[in-house]
Amino acid sequence: MKNNLPDLEDTNYKIIQVNALLSYVGNDLANLSDAVENNDHADVFVQASSMNDRTFLTCRTALDLIEEIQKDVEACIIPIDEVSGRASN
Numbered sequence: 070m071k072n073n074l075p076d077l078e079d080t081n082y083k084i085i086q087v088n089a090l091l092s093y094v095g096n097d098l099a100n101l102s103d104a105v106e107n108n109d110h111a112d113v114f115v116q117a118s119s120m121n122d123r124t125f126l127t128c129r130t131a132l133d134l135i136e137e138i139q140k141d142v143e144a145c146i147i148p149i150d151e152v153s154g155r156a157s158n
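Sequential numbering from 70 applies to the sequence shown in the numbering used here.
This is the structure:
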């Protein structure tokens, strides 16, 4: 089996970055989430309007990192399946 596994230290660092980014915008996201859960359309608009460009860019960066983490995890799953004999031929 060829070792094309992702660098897990790099993946761990991405996870730490996502955690920090989401902590940074946590209050904004919590307020928006509460408004959505309460089906309060006016409050959703107010909460979304109060979020500045930095909040949206922070969320976008976090989502990009999550996508990279997902690819890293998927790259590990295939070799695990091959080793365990679950790979389809």
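Backbone N, C-alpha and C fix where the C-beta goes; we use that ideal spot for every residue, glycine too. In this text the structure is predicted, and so the values were computed from the model without any measurement.
- Taking a 10 Å sphere around the C-beta of lysine 140, we find fewer than 16 other C-beta atoms and assign the residue as exposed.
- The three-state reading of DSSP puts asparagine 121 in coil, since its state is none of H, G, I, E or B.
- Rounded to whole angstroms, the gap between the alpha carbons of glutamate 78 and isoleucine 138 is 11 Å.
- Straight-line measurement puts the Cα of cysteine 145 at about 42 Å from the Cα of aspartate 112.
- In this structure, leucine 90 lies near threonine 130, with their beta-carbon atoms less than 8 Å apart.
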